[in-house]
Amino acid sequence: MTNALTRLLETKDAILADGATGTNLFNMGLQSGDAPELWNTDQPDKIRALYRGSVDAGSDLFLTNTFGGTAARLKLHDAHTRVAELNRIGAELAREVADAAGRPVVVAGSVGPTGEILEPVGSLTHAEAVEMFHEQAEALKEGGVDVLWLETISAPEEFRAAAEAFALADMPWCGTMSFDTAGRTMMGVTSADLAQLVETLPNPPIAFGANCGTGASDILRTVLGFVAQGTERPLISKGNAGIPKYVDGHIHYDGTPELMGRYAAMARDSGATIIGGCCGTMPAHLREMRKALDTEPRGARPSLEQITAVLGPFSSASDGTGDEAMPERRARRRRRA
Numbered sequence: 001m002t003n004a005l006t007r008l009l010e011t012k013d014a015i016l017a018d019g020a021t022g023t024n025l026f027n028m029g030l031q032s033g034d035a036p037e038l039w040n041t042d043q044p045d046k047i048r049a050l051y052r053g054s055v056d057a058g059s060d061l062f063l064t065n066t067f068g069g070t071a072a073r074l075k076l077h078d079a080h081t082r083v084a085e086l087n088r089i090g091a092e093l094a095r096e097v098a099d100a101a102g103r104p105v106v107v108a109g110s111v112g113p114t115g116e117i118l119e120p121v122g123s124l125t126h127a128e129a130v131e132m133f134h135e136q137a138e139a140l141k142e143g144g145v146d147v148l149w150l151e152t153i154s155a156p157e158e159f160r161a162a163a164e165a166f167a168l169a170d171m172p173w174c175g176t177m178s179f180d181t182a183g184r185t186m187m188g189v190t191s192a193d194l195a196q197l198v199e200t201l202p203n204p205p206i207a208f209g210a211n212c213g214t215g216a217s218d219i220l221r222t223v224l225g226f227v228a229q230g231t232e233r234p235l236i237s238k239g240n241a242g243i244p245k246y247v248d249g250h251i252h253y254d255g256t257p258e259l260m261g262r263y264a265a266m267a268r269d270s271g272a273t274i275i276g277g278c279c280g281t282m283p284a285h286l287r288e289m290r291k292a293l294d295t296e297p298r299g300a301r302p303s304l305e306q307i308t309a310v311l312g313p314f315s316s317a318s319d320g321t322g323d324e325a326m327p328e329r330r331a332r333r334r335r336r337a
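Counted from 1, the sequence shown has number 109 at position 109 by our numbering; the numbering is strictly sequential.
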């Protein structure tokens, strides 16, 4: 399937994605607990400014302000009847900004987790999850997105449900999970698990990878985990701008623009093709990332030691794969022996 993203992948060595949505909107006045998606209709100029911030900083691809756009998430704000409206308008504003850029810029329709846990652990059925994701996908499609972008997923069941919904909408898509629990997602998925999962889907994503997590070093270790599986699909790395710290009553990410520039180049060298930022990543960070991708020559794939030397220590001893990540398994083996 030829689309705006595949065309860009054919012409660019590395694609710069966008940065944070929430961090930037909080700086514009969004209050904690408010639904960012409501700003698509209530504060459209600020959403345009959010999008333009990424484009002006050099992003080739940016996400719509629709992360919490499923009925399950919007229900928390009594807005579950507005799924079609809020997602469509969020996409239309993005299309407007991208089309005015004067160069190819891909609009990716952000789809976050439902916030519910699927059966058999939780109560949300597969069919209900597919229905919610399909409703959001159709609205983003109507609004003019080029590709759907599933992000910050923890459970394989939710990843599969979204993939099925995107097939119903007849839309290309990308998907990322958040490996924020000692190299695994909250539901225990490893980088190897995700690389294998995408190959079992009837409609696999154009690209897959990781977003958010626990910092620049950790996400590159996860990218190396994808590479180790031998995948030939483009890989995504959207890491946080450092580590969150509570400063003067609010969350601050300690990653400097210079650090994120170094991260971008190392992400490319590690094997990622689509490289962006997540929480804490501002236009100033993106500008340094753009500069690094444009000016630093491609290097050899970095070792774990090289990653930590440049970007700082990992947050956990293991990437979640292998026996070293599971001492309890080794203990059971010893008992059986």
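Glycine is no exception: its CB is placed at the ideal position from the N, C-alpha and C atoms.
Measuring alpha carbon to alpha carbon, tell me which residue in the options is nearest residue i.
i      : options                      : result
Leu304 : Thr222, Cys278, Ala167       : Thr222
Glu288 : Asn40, Ser59, Ile47, Thr6    : Ser59
Trp149 : Ala292, Gly69, Met28, Gly115 : Gly69
Asn240 : Ala317, Ala35, Thr21, Val121 : Thr21
Ile243 : Leu235, Ser32, Tyr253        : Tyr253
Gly255 : His285, Gln196, Val55        : His285
Phe159 : Thr181, Met132, Ala182       : Met132
Arg73  : Gly33, Gly102, Arg48, Val97  : Gly33
Thr341 : Phe26, Asn27, Gly320         : A question about residue 341 goes unanswered here, because the residues of the chain that appear run from 1 up to 337.
Rounded to the nearest angstrom, what separates residue i and residue j at their Cα positions?
i      : j      : result
Ala57  : Thr64  : 16 Å
Asn211 : Ile219 : 8 Å
Leu5   : Ile117 : 31 Å
Ala127 : Trp173 : 20 Å
Gly112 : Gly209 : 14 Å
Leu16  : Arg7   : 14 Å
Phe179 : Val106 : 25 Å
Glu10  : Ala264 : 20 Å
Val130 : Glu199 : 19 Å
Asp13  : Leu194 : 24 Å
Look up residue i in the DSSP assignment and say whether it is helix, strand or coil.
i      : result
Ile236 : strand
Gly225 : helix
Arg184 : strand
Val189 : coil
Phe314 : coil
Leu61  : strand
Gly261 : helix
Gly22  : helix
Glu338 : Nothing can be reported for residue 338, as the shown portion of the chain is limited to 1 through 337.
Strictly by DSSP, which residues pair up with residue i?
i      : result
Ala210 : Met177, Ser237
Gly277 : Gly239
Ala341 : Summary: the structure shown does not reach residue 341, with the chain confined to residues 1 through 337, and so no result is reported for it.
Looking at chain D, is there any beta carbon in it that lies within less than 9 Å of the beta carbon of residue i?
i      : result
Thr185 : Of the chains in the structure shown, none is chain D; there is only one protein chain.
Q. Counting Cβ pairs closer than 8 Å, one from the region 308–315 and one from the region 209–218, do we hit at least three?
A. yes
Q.
For the region 190–210 against the region 289–308, do three or more pairs of beta-carbon atoms, one drawn from each stretch, fall closer than 8 Å, so that the two count as touching?
A. no
Q.
Check whether the region 125–144 and the region 181–193 are in contact - that is, three or more C-beta pairs closer than 8 Å.
A. no
Q) Three or more beta-carbon pairs under 8 Å between the region 124–138 and the region 89–104, yes or no? A) no
Q. Would you call the region 42–51 and the region 76–88 in contact, with 3 or more CB pairs under 8 Å?
A. no
Q. Quick one: any contact between the region 164–171 and the region 224–231, if contact means 3 or more CB pairs under 8 Å?
A. no
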